[in-house]
Amino acid sequence: MTNEEEKVLLSTGKCLVMPLVSKNDNKEEEEDKVVTERIYNVWGSSSGAGSDFLNLYRRSRNIEMKRVEEMERAWREDMEKKLFQAKRLHRIQKESEKTAKKKMKRDKKKQKIRALRKEGSKQETNDTT
Numbered sequence: 001m002t003n004e005e006e007k008v009l010l011s012t013g014k015c016l017v018m019p020l021v022s023k024n025d026n027k028e029e030e031e032d033k034v035v036t037e038r039i040y041n042v043w044g045s046s047s048g049a050g051s052d053f054l055n056l057y058r059r060s061r062n063i064e065m066k067r068v069e070e071m072e073r074a075w076r077e078d079m080e081k082k083l084f085q086a087k088r089l090h091r092i093q094k095e096s097e098k099t100a101k102k103k104m105k106r107d108k109k110k111q112k113i114r115a116l117r118k119e120g121s122k123q124e125t126n127d128t129t
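Residues 1 to 129 (UniProt numbering) are what the sequence shown spells out, left to right.
Right, here's the structure in full:
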C-alpha cells in the first residue's frame with residue numbers, strides 16, 4: 001500500500017484499497033496552489049486618516065474573516081470525518097468480533113454433533129458384529 005492509497009474496512013470484514021489521488025486531483029492541486037495576496041495598507045499608521053478609511057478597513061476585515069471562517073469550517077469537517085471513520089471502524093471491529101465468536105460457537109456445536117454421530121455409528125457397528 002502506497003501513500004496514495006487508503007485501506008477501508010467494509011462491514012463484511014473485507015478490506016478495500018482505494019486510491020486517494022484521482023486524475024482530476026492533479027488539476028485541483030494546481031488550482032489549490034497558494035496565491036499570495038498583496039495587502040494594500042493605504043491608510044498607514046498616520047493620524048490623518050481619510051474619509052474612506054473605514055470602508056477600506058471594513059472590506060479588508062470582512063475578507064479576512066471570511067477566509068478564517070472557511071479555514072475553520074474545513075477543519076471542522078475534517079475532524080468530523082475523522083471521528084466518524086474512527087467510530088465506524090470501532091463498530092465494524094466489534095461486529096467482526098461478535099460474528100467470529102458466534103461462528104466459533106456454531107463450529108464447536110457442529111463438531112460435537114459430528115463426534116456424537118461417529119460414536120453412534122461405531123457403536124452400531126460394534127453391536128452388529
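Idealized CB from N, CA, C, for every residue including glycine. These numbers come from a predicted model, not from an experiment.
Q: Pick helix, strand or coil for Leu9, following the three-state DSSP scheme.
A: strand
Q: Please list the segments of the alpha helix (DSSP H) lying wholly inside the region 41-129, counting only runs of 4 or more residues, in order along the chain.
A: Taken in chain order, the complete alpha helix (DSSP H) segments of 4 residues or longer contained in the region 41-129 are 53-128.
Q | Backbone CA spacing between Arg106 and Ile113 [nearest angstrom] | A | 11 Å
Q: Please work out which residues of its chain come closer than 7 Å, Cβ to Cβ, to Met1, disregarding the five sequence neighbours upstream and downstream, and give them in chain order.
A: At Met1 the pLDDT is 48, less than 50, meaning the model places this residue with poor confidence and gives no usable figure here.
**Q.** Residue of Phe84, Ile63, Asp52 minimising C-alpha distance to Arg38
**A.** Ile63
Q: Tell me whether the beta-carbon of Leu89 lies closer than 8 Å to the beta-carbon of Leu10.
A: no
Q) Since Val34 is in the beta strand (DSSP E), which residue starts that stretch and which ends it? A) Neither: Val34 is in no beta strand (DSSP E) and is coded neither H nor E.
Q: Could you round the C-beta distance between Leu20 and Glu5 to whole angstroms and report it? I think they count as a contact, below 8 Å.
A: 6 Å
Q | 7 Å Cβ shell around Lys122 - same chain, five flanking residues per side excluded | A | none
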